[in-house]
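Residue numbers (our numbering): 1 to 251.
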């Protein structure tokens, strides 16, 4: 599955670009990083209120982005890291589509099972009221940690599939427009509604990529996409305001 050479990283020249075949140890390293980051976000989520946690999350994003852009000896800064190859051989488009489809179907099934499990009900209770959930024996720390860990592993899996197709790790793929698109998918589908979120993601992805084929100047595609998605986000927030911002029930 992965390249299993004795050396940790193997490079070869392909059309003048260095291609890197990553061994299994790098997957283990990134999994450990996901666990550590999940612990950090769990600590922040427990210690801070909702607004402060959101601001701190944005601050951590800026810190990580600044580190990536300025540590040029490792990340090459704004140039990114080209020639990334996870497999020992390049996947064809059909192979990539089949692999992504199978992995996505398995991940959606796993999300559905988690949502229907006692853990999913405990997470719903914590989302409504930490105090009331603690009064019935739900422990906030392990449930929150599992939630962040699950999201981190899903992000790692997504990046594995994305980089397997593009072969380029670039900081522009992790700017605020990408964050806005993710928030838009969840808001349009509805928090906690997996099927609707999946459907919204598919529709919005087709809309996002379809704008590339419109007869528009190159400089207008990006601003038009932001305006369109911002308008859709406003409509989704207005229609789902009772679900996104519910009134806390009192005993």
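Idealized CB from N, CA, C, for every residue including glycine.
Based on the DSSP output, what are the partners of residue i in its beta bridges?
i: residue 82; result: 168
Over the uninterrupted alpha helix (DSSP H) stretch that includes residue i, give me the two end residues.
i: residue 101; result: 93 to 116
i: residue 173; result: Neither: residue 173 is in no alpha helix (DSSP H) and is coded neither H nor E.
i: residue 56; result: 50 to 70
i: residue 191; result: Premise fails: residue 191 is in no alpha helix (DSSP H) and is neither H nor E.
i: residue 77; result: From DSSP, residue 77 is part of no alpha helix (DSSP H); its letter is neither H nor E.
i: residue 225; result: 218 to 239
i: residue 134; result: 130 to 135
To which residues of the same chain is residue i closer than 8 Å at the C-beta, ignoring the five residues directly before and after it?
i: residue 187; result: 233, 236, 237, 240, 244
i: residue 6; result: Its pLDDT being 34, under 50, residue 6 is placed unreliably in this model, and the value from its coordinates should be taken loosely. Hits under 8 Å: none found.
i: residue 119; result: 143, 146
i: residue 107; result: 154, 157
Confirm, please, whether the CB-CB distance from residue j to residue i is below 8 Å.
i: residue 147; j: residue 110; result: no
i: residue 42; j: residue 144; result: yes
i: residue 182; j: residue 34; result: no
i: residue 230; j: residue 171; result: no
i: residue 77; j: residue 69; result: yes
i: residue 32; j: residue 141; result: no
i: residue 138; j: residue 126; result: yes
i: residue 56; j: residue 44; result: yes
i: residue 161; j: residue 169; result: no
Judging by CA-CA distance, which residue of the options is the nearest neighbour of residue i?
i: residue 61; options: 36, 103, 176; result: 176
i: residue 211; options: 224, 231, 49; result: 224
i: residue 179; options: 54, 97, 47; result: 54
i: residue 204; options: 219, 50, 185; result: 185
i: residue 26; options: 134, 149, 156; result: 156
i: residue 252; options: 97, 107, 130, 226; result: Lying outside 1 to 251, the shown extent of the chain, residue 252 is not represented and no answer is given.
i: residue 128; options: 83, 191, 92, 169; result: 191
i: residue 104; options: 216, 218, 219, 201; result: 201
i: residue 207; options: 116, 219, 228, 215; result: 228
i: residue 115; options: 199, 226, 209, 193; result: 193
i: residue 197; options: 83, 112, 94, 91; result: 112
Within a Cβ cutoff of 7 Å, which residues of the same chain sit near residue i, ignoring the five residues on either side of it in sequence?
i: residue 221; result: 211, 212
i: residue 166; result: none
i: residue 64; result: none
i: residue 37; result: 152
So, for residue i: in the same chain, excluding its five sequence neighbours on each side, which residues have a beta-carbon less than 6 Å away from its beta-carbon?
i: residue 195; result: none
i: residue 101; result: none
i: residue 135; result: none
i: residue 74; result: none
Measuring from the CB of residue i, is there a heavy atom of the ligand ATP at a distance below 7 Å?
i: residue 215; result: The ligand content of the structure shown is nil, which means the ligand ATP is not present either.
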